[in-house]
Structure formats: C-alpha cells, structure tokens
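**Q**
Numbering (the working numbering), first residue to last: 54 to 213.
#1: Would you tell me roughly how many angstroms separate the C-alpha atoms of residue 166 and residue 211, rounded to the nearest one?
#2: Quick check on residue 56: does DSSP put it in helix, strand or coil?
#3: What did DSSP end up calling residue 126 once you bin it into helix, strand or coil?
#4: Closer than 7 Å by C-beta to residue 198: which residues in its own chain qualify, once you throw out the five before and the five after it? Chain order, please.
#5: State the Cα-Cα distance for the pair residue 204 and residue 83, rounded to the nearest angstrom.
#6: Can you tell me where the alpha helix (DSSP H) holding residue 82 begins and where it ends?
#7: As a quick exercise: from 182, 189 and 106, pick the residue whose alpha carbon is nearest that of residue 133.
#8: Quick one, which of 91, 86, 55 and 171 has its alpha-carbon nearest residue 192's?
Right under this line is the structure:
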C-alpha cells in the first residue's frame with residue numbers, strides 16, 4: 054500500500070475546507086496510508102522585499118524538510134512545474150508502487166510558494182494550472198486528484 058504524505062505550510066481555518074479534506078481523507082483509506090502534516094507559516098508583511106520573501110520561504114522550507122526522508126519520492130506543487138492529467142497522476146502513483154518506492158510526499162508551500170532548496174529536492178514539480186489558487190484550497194484539490202488516480206488505477210468508476 055502506498056504511503057502518502059502531504060506536507061503543507063499553514064493551518065486550514067475554513068470549516069468547509071477542513072470538511073473537504075476530511076471527506077477525501079476518509080475516501081482514500083482503502084487505497085493508501087495518508088498522513089497530513091501542517092507546518093507553521095511565517096508572517097509576511099504586505100510590502101515585503103524580495104530578500105524578505107526569500108527569508109520567509111526559507112524558514113518555511115526548514116520546517117517542511119524535517120518531515121521529508123531520503124526514501125520519499127517528493128512531488129512539489131509549483132507554478133513552474135509540469136501540467137499533468139489525472140491519468141498521468143495515476144501512472145506516477147502506479148510507477149512508484151511498482152518500483153518499490155512507496156513513500157510519496159506532496160509538498161505545498163505557503164502564500165509565497167516554495168523555497169528553491171525544496172524545489173531542488175523534488176523528484177517531480179507539478180503545476181495544477183497557470184491559475185493561482187489559495188494554498189489552502191489546493192489541499193482539497195490535491196486529495197481529490199489522488200482519490201481519482203486511485204480509482205483509475207483500480208479500474209473503478211468515478212465521475213468524469
């Protein structure tokens with residue numbers, strides 16, 4: 054069974070997002086072992102300089118890196134990453150399972166994104182879209198896509 058980690062910056066405050074995360078986490082139980090870890094986000098002033106933004110991303114990266122192991126296949130959610138389809142995500146998960154690398158960590162940055170050292174550590178950089186989404190909402194979308202990929206890999210019906 055795949056062991057999936059979702060490492061994310063910041064706490065989910067909105068009830069509707071927590072409910073969505075709980076629902077997809079429950080749906081995923083028959084398919085994967087799931088662990089969601091939230092690390093504290095760093096306060097960011099409205100008019101932060103580029104250097105200050107880098108410092109903030111680096112502090113968040115240090116918190117995230119504590120939860121990554123050498124065995125993890127790391128997928129960084131990144132605007133500069135590759136766009137993939139749901140079947141392609143299913144293939145990535147299946148390939149990892151077949152290769153014996155069954156620990157996959159999905160990493161979601163804070164409002165400023167991920168620091169370069171996290172992106173360098175990533176085995177794959179994934180962009181959901183050219184659109185910008187709130188990083189809290191992406192957790193629900195990510196879980197739904199993982200659930201969809203699991204259904205695809207098992208040949209089970211899921212709405213299109």
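Beta carbons are placed, not taken as given, at the ideal position from N, Cα and C, and that holds for glycine.
**A** Here's the rundown:
#1: 31 Å
#2: strand
#3: strand
#4: 139 and 142
#5: 11 Å
#6: Element bounds for residue 82: n/a, residue is neither H nor E.
#7: 182
#8: 91
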